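Residue numbers (the numbering used here), protein chains in the order written: chain E, 88 to 369; chain H, -7 to 311; chain P, 1266 to 1813. Beta carbons are placed, not taken as given, at the ideal position from N, Cα and C, and that holds for glycine. Quick caveat: nothing in here was measured; it's all calculated off a predicted structure. Down below is the structure, laid out as structure tokens.
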Amino acid sequence: MSLSLRIPTPARLGYSFNWTGRIGLAIILFWAVIAFIGPWLAPYPPGEMVDWDYFGGMSGQYWMGTDYLGRDILSRVLMGARYTVGIALASVVLACAGGVLLGMIAGVVGGWFDTLLSRLLDAFNGIPSLLFGLVVVAAVGSSIPVLIATLAAIYLPGSYRFARALAVNVNTMDFVTVARARGEGFAYLILREIFPNILGPVLADLGLRFVFIVLVLSGLSFLGIGVQPPHADWGALVRENIEGLSLGAPAVVFPSVAIASLTISVNLFIDNLPTRIRDRSE
Amino acid sequence: MLRSATTWLLVGQRLGIAAITLLIVSFAVFFATELLPGDVAEILLGQAATPEAVAGLRTAMGLDEPAIWRFLSWLRGLFTGDLGMSYVNNVQVSDMLAGRLANSLRLAGIVTVICVPVALALGIASAMWRGSWLDRIVSVLTISVISVPEFMVATLAVLIFAVWLGWLPALSFGVEVDSLGAMLRAYAMPVITLSFVVAAQMIRMTRAAVIETVNTPYVEMALLKGASRRRMVLGHALPNALGPIANAVALSLSYLVGGVIIVETVFNYPGVAKLMVDAVSTRDLPLIQSCAMIFCISYLLLITIADVVALLSNPRLRR
Amino acid sequence: MTEALVSVRDLRIGAVTDSGRQVQIIGGVSFDIAPGEIVALIGESGSGKTTIALSLMGHTRTGCAITGGTIRLGRHDVTGMREARRAALRGTEVSYVPQSAAAAFNPSKRIMDQVVEVTEIHRLMPRDQAEAKARDLFRALALPNPDTIGARYPHQVSGGQLQRLSAAMALIGDPSLVIFDEPTTALDVTTQIEVLRAFRAVMDKSAMAGVYVSHDLAVVAQIADRIIVLKGGEIQEEGTTEQILNAPTHPYTRQLLDAFEPVPHVPAASPGGTILEVRGLFAGYGAVRNGEPAAKILDDVSFRLERGRNLGVIGESGSGKSTLARAIAGILPAYRGKVRFDGTDLHPDLAHRSKDQLRRAQIVFQLADTALNPAQSVGAILARPLTFYHGTKGAARDRRVIELLDMVHLPAALRHRLPSELSGGQKQRVNLARALAAEPELILCDEITSALDTVVAAAILDLLKELQRELHLSYMFISHDLSTVEAICDEVLVMLKGKVVEALPATGMRDATHPYSRLLISSIPQLDTGWLKGLEQDPELMAQFMRR
Chain E
88 MSLSLRIPTP
98 ARLGYSFNWT
108 GRIGLAIILF
118 WAVIAFIGPW
128 LAPYPPGEMV
138 DWDYFGGMSG
148 QYWMGTDYLG
158 RDILSRVLMG
168 ARYTVGIALA
178 SVVLACAGGV
188 LLGMIAGVVG
198 GWFDTLLSRL
208 LDAFNGIPSL
218 LFGLVVVAAV
228 GSSIPVLIAT
238 LAAIYLPGSY
248 RFARALAVNV
258 NTMDFVTVAR
268 ARGEGFAYLI
278 LREIFPNILG
288 PVLADLGLRF
298 VFIVLVLSGL
308 SFLGIGVQPP
318 HADWGALVRE
328 NIEGLSLGAP
338 AVVFPSVAIA
348 SLTISVNLFI
358 DNLPTRIRDR
368 SE
Chain H
-7 MLRSATTWLL
3 VGQRLGIAAI
13 TLLIVSFAVF
23 FATELLPGDV
33 AEILLGQAAT
43 PEAVAGLRTA
53 MGLDEPAIWR
63 FLSWLRGLFT
73 GDLGMSYVNN
83 VQVSDMLAGR
93 LANSLRLAGI
103 VTVICVPVAL
113 ALGIASAMWR
123 GSWLDRIVSV
133 LTISVISVPE
143 FMVATLAVLI
153 FAVWLGWLPA
163 LSFGVEVDSL
173 GAMLRAYAMP
183 VITLSFVVAA
193 QMIRMTRAAV
203 IETVNTPYVE
213 MALLKGASRR
223 RMVLGHALPN
233 ALGPIANAVA
243 LSLSYLVGGV
253 IIVETVFNYP
263 GVAKLMVDAV
273 STRDLPLIQS
283 CAMIFCISYL
293 LLITIADVVA
303 LLSNPRLRR
Chain P
1266 MTEALVSVRD
1276 LRIGAVTDSG
1286 RQVQIIGGVS
1296 FDIAPGEIVA
1306 LIGESGSGKT
1316 TIALSLMGHT
1326 RTGCAITGGT
1336 IRLGRHDVTG
1346 MREARRAALR
1356 GTEVSYVPQS
1366 AAAAFNPSKR
1376 IMDQVVEVTE
1386 IHRLMPRDQA
1396 EAKARDLFRA
1406 LALPNPDTIG
1416 ARYPHQVSGG
1426 QLQRLSAAMA
1436 LIGDPSLVIF
1446 DEPTTALDVT
1456 TQIEVLRAFR
1466 AVMDKSAMAG
1476 VYVSHDLAVV
1486 AQIADRIIVL
1496 KGGEIQEEGT
1506 TEQILNAPTH
1516 PYTRQLLDAF
1526 EPVPHVPAAS
1536 PGGTILEVRG
1546 LFAGYGAVRN
1556 GEPAAKILDD
1566 VSFRLERGRN
1576 LGVIGESGSG
1586 KSTLARAIAG
1596 ILPAYRGKVR
1606 FDGTDLHPDL
1616 AHRSKDQLRR
1626 AQIVFQLADT
1636 ALNPAQSVGA
1646 ILARPLTFYH
1656 GTKGAARDRR
1666 VIELLDMVHL
1676 PAALRHRLPS
1686 ELSGGQKQRV
1696 NLARALAAEP
1706 ELILCDEITS
1716 ALDTVVAAAI
1726 LDLLKELQRE
1736 LHLSYMFISH
1746 DLSTVEAICD
1756 EVLVMLKGKV
1766 VEALPATGMR
1776 DATHPYSRLL
1786 ISSIPQLDTG
1796 WLKGLEQDPE
1806 LMAQFMRR
């Protein structure tokens, strides 16, 4: 029991979040729950045309109005949460897991392995993210697994670089030297000595990367090369209904509000994390 | 200022890395577009493809040659300005790009000219009066802008300036550009949108760079010498923050590359990005490749400039 | 008695912690400073000495605020005035010499611009007059090339010179009070002497009063007229320097003084053969070319340590003493030479040593803060070597952890805490206990008492001696502090630029023959107000061994 991995949780170290951070967290949790149970909450089937009028305004029947085909926007936004949050979460977890693992290995091993990997991934970073998405989709076509893989590939190098810098720092600490002098193996050094000490900043970094991924995913969908109809994430909902913009239709406003509420609250939450967790995040 | 040989060596190393990166990027762009999809000839001929027609087209396009050979000749083409023929409308890609590139560069140029002074002033001011109402408003605004997708800033601009206020047309180039006023109106929306996106980044990074130097012991020492807040920030912190700020400016400008793709699409602006998005929908590979390379080169250029500036501004490397 | 220049009454300073809790860091401090008098604020880390000194300028660091009391400086009420008025006092009435001049000089501005800045801010005199005055100060502070040194950038002069330049920066506005905030703590002892001499010379000539903040009684004894002893933000004792040094009344002051008295080391009776022998050791850092690294540090180091005996290694920063410990432990593999442990040659690289070889020689590092994994509990930290070396598990391991804590005089309940919840001394004890868990025969101690306050360090030394008696250990003890080495070692190596210049018995350090060892040993401040004045050092010798 005494050997169990101890993660510095807020409760253990007496952190307190201020109210801005708490509001951020509440909104994040709200959308996370919606992503799970959204389809059961939807008042209408998201794909069904329920109104003869298109770009209908807000009403008691259709809380967020209707879209260009007369579908219920509330239902489509609730369903869209699943795509936006789900795809972004899957990508960010893939990107960070890969990046952190490779980063720790490179940071500890050093030498030519580190140099080669760092150069290669830096070169990858030299491609603007939206452009990378465009090229890949142009090449292999768009589907949800392709989107997840592409987004993860876009953000893996950044996560790698971040984790590597942290790992290099921790690696020079005396407690790692002590463990090495004790004769500990590579896996122990990485998992027990280094990983627990970079976890805080890495999680904060994961949050920031999640925001970037939501932004790029929405951007791709907005350009028509993200989530494909009949499915629609929030970015695709904006694209579908962009014609309604000049009418000021709620159909284009509410998906936008959904995206903004998610990304802004993640940013607020991370900005208000106690500095001891955030201290090395960009 | 004099700099030591090692500094120039490091700068040279940075440039070398950029060149290698460019090579890797071009490799990736070429193979992503050339190798992964199904047969280009089949795509081009569509439903009407007979095996003989496909084979004929393949030979005509040189698709039978080894991939690496095609890559090298493509790369040579890039250097000599021969970007190949568009699959879709049989025009030289370089001809299609020429006017579009000028349009995009003009847009980027105007945005840069507007953003840099505004962002620097706001970034430095909010760092100088940290915690003041100005700082708070700027912080909330910038975090909001960088938290939302570019297309939302664009749609919001349309909602406010075109729909509610009715000052500007929603689409830039649907309207006739016959006078200076009309041209200003045409450029206004894309410029406003892009400026917001880029300036928000730049303000945040500038503010962070100045604050980092404000927290150093030598600025505290200036305080203990009786210096005013102005003198502490402008006289002591700023000279040391110049490198990080220049770095921040170059890095923020690289957001132009992503932003321009969205903005040109939203406003139907006839630039390279719009051309590329259209090319993606028609799968016009030579055009996609060329556009992608243009973006990658400008992006790499900006982040390399940022790197080099950061290097040159390090006072420890000064002789 | 003339009217006091400074009078502080019931000063209270509060701070807000990370978790938003209000704490008081200075609790009701009152004292006076007469014109021209130098008063020392003495205390350990956390005693609030720097906080009090800065408050005399009306300045508190971020998160702190003056919550009560008054500070009067001349005819100014520092606590009652607005920030702009305080700024007008800084540099002209009261000025500040920082702990680290290297950090306090703006790297992008020339030294002269920064030294005369005070005259510019307060419009005291024209620029050429200010520069002439600065050059006079440079001369008075015995700086080399006083006419041209101002044209350099801060990174182009040495640390000792920068420290003196920062004094010039503080003196140029002719303040009535100068605050010295641990100005020699970051310097090597031989450099410290020069700087102290320069400070004394200018303060003796002028009529300025001074506040000298330090943790080192011996340094303060050379410069202060009066000493105020602080602990936990409160005054423990106040008196003239002579009275504090010779007739302290407060038990805490006595404790501080006692820590200075080296307790003579009684060598263990039974030297049982050689435990460690180092022959012709070379080691360094950087890329290896032709079998030699780019930066060579250790240069042909040889010595022998008998079982049950202790070897001290002294030298200034950069002398290679820590590198020696790392090379012996195999953390930094030596590229030439031999390390023999108990009769068998050890492989230079620890990766090729057997688990048992690693177990028998343990290394303990200077900063207990970075030597303990902040994410593991004390129990987990101590349990790991037990499992790793001895395969101890379950209840037996828990018992052994408690035993180890008991050995270093820590309560068993501490095993559930994280390192961040411990004090500096407690961390260093856990650090030691982890080495003991391996059941070693030799412990390499790398500056293990240097980061600790004197009283705590003295307790750790006592613990080391006790452990040695019980467990028949041998220590290799690396330190820059002579009295510590005197207190625990049998033999001492003096190192300079990677070489051993002399090996001496610890009791005979005052009889060193090598000129550098004599310089080094004579530079250690003594608890005697006349020490600096009476100190005769050969200037040629100084020039020969001083770095720059």
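The beta carbon of G322(E) falls within 8 Å of a beta carbon belonging to chain H, placing the residue at that interface. In this structure, P278(H) is the residue among A45(H), P278(H) and V108(H) with its C-alpha nearest to the C-alpha of V85(H). Residue contact with chain H for E1396(P): absent (no Cβ-Cβ distance below 8 Å to any residue of chain H). In this structure, A298(H) sits away from I203(H), with a CB-CB distance that is not shorter than 8 Å. DSSP places L234(E) inside the alpha helix (DSSP H), whose first and last residues are I231 to N258. With respect to the C-alpha of R1783(P), the residue from T1455(P), T1327(P) and L1797(P) having the closest C-alpha is T1455(P). Within the stretch 1498 to 1559 of chain P, the runs of beta strand (DSSP E) that reach at least 3 residues and sit entirely inside it are, in chain order, 1499 to 1505 and 1539 to 1554. Interface annotation, F262(E): in contact with chain P, CB-CB separation under 8 Å. Cβ contact annotation for A242(H) (same chain, cutoff 8 Å, sequence separation greater than five): L294, I295, I297, A298 and V301, in chain order. Straight-line spacing of the CA atoms in P1650(P) and S1748(P) works out to 32 Å. The residue from K1764(P), H1779(P) and V1484(P) with its alpha-carbon nearest to that of L1546(P) is K1764(P). Along the stretch 138 to 160 of chain H, the positions whose C-beta sits under 9 Å from a C-beta of chain E are I138, S139, V140, P141, E142, F143, M144, T147, L148, V150, L151, A154, V155 and W156, read in chain order.
A straight line joining the alpha-carbon of V130(H) with that of S124(H) spans about 10 Å.
In the displayed model, Q1289(P) falls within a strand according to three-state DSSP. With contacts defined by Cβ atoms closer than 8 Å, P215(E) and V249(H) form a contacting pair.
The DSSP-derived three-state label of D1401(P) is helix. C-alpha of L278(E) to C-alpha of A1640(P): approximately 12 Å in a straight line. In summary, D261(E) is buried, with 16 or more beta-carbon neighbours lying within 10 Å of its beta-carbon over all protein chains present.
For the stretch 202 to 225 of chain E, residues whose beta-carbon sits nearer than 9 Å to a beta-carbon of chain H comprise R206, L207, D209, A210, F211, N212, G213, I214, P215, S216, L217, L218, F219, L221, V222, V223, V224 and A225. Where L1442(P) is concerned, the enclosing beta strand (DSSP E) starts and stops at L1442 to D1446. Assignment of beta-bridge partners to Q1693(P) by DSSP yields no partner.
A straight line joining the alpha-carbon of S246(H) with that of R248(E) spans about 19 Å. Here the C-alpha atom of P43(H) lies approximately 12 Å from the C-alpha atom of T51(H).
DSSP, read as helix, strand or coil, puts G1580(P) in coil. Secondary structure within the stretch 1416 to 1483 of chain P: the alpha helix (DSSP H) runs of 4 or more consecutive residues, fully enclosed, are 1424 to 1436 and 1454 to 1470 (chain order).
Those residues of the stretch 340 to 353 of chain E placed with their C-beta closer than 7 Å to a C-beta in chain H are S343, I346, A347, T350 and I351, ordered along the chain.
In the DSSP assignment, Q84(H) is bridged to M77(H).
Taking a beta-carbon distance threshold of 8 Å, F287(H) counts as an interface residue toward chain E. In the structure shown, G1333(P) falls within a strand segment according to DSSP collapsed to helix, strand and coil. Straight-line measurement puts the Cα of S1619(P) at about 52 Å from the Cα of I231(E). Within the stretch 219 to 246 of chain H, the runs of alpha helix (DSSP H) that reach at least 4 residues and sit entirely inside it are, in chain order, 230 to 245. Taking a 10 Å sphere around the C-beta of T1652(P), we find fewer than 16 other C-beta atoms and assign the residue as exposed. Chain E has no Cβ within less than 8 Å of the Cβ of P1676(P). Beta-bridge analysis with DSSP links C1710(P) to V1629(P) and F1742(P).
G1580(P) and H1745(P) do touch by the CB rule: their CB atoms are close to 7 Å apart, below 8 Å. Neighbourhood of L310(E) in chain H, by CB distance below 7 Å: T257 and V269, in chain order.
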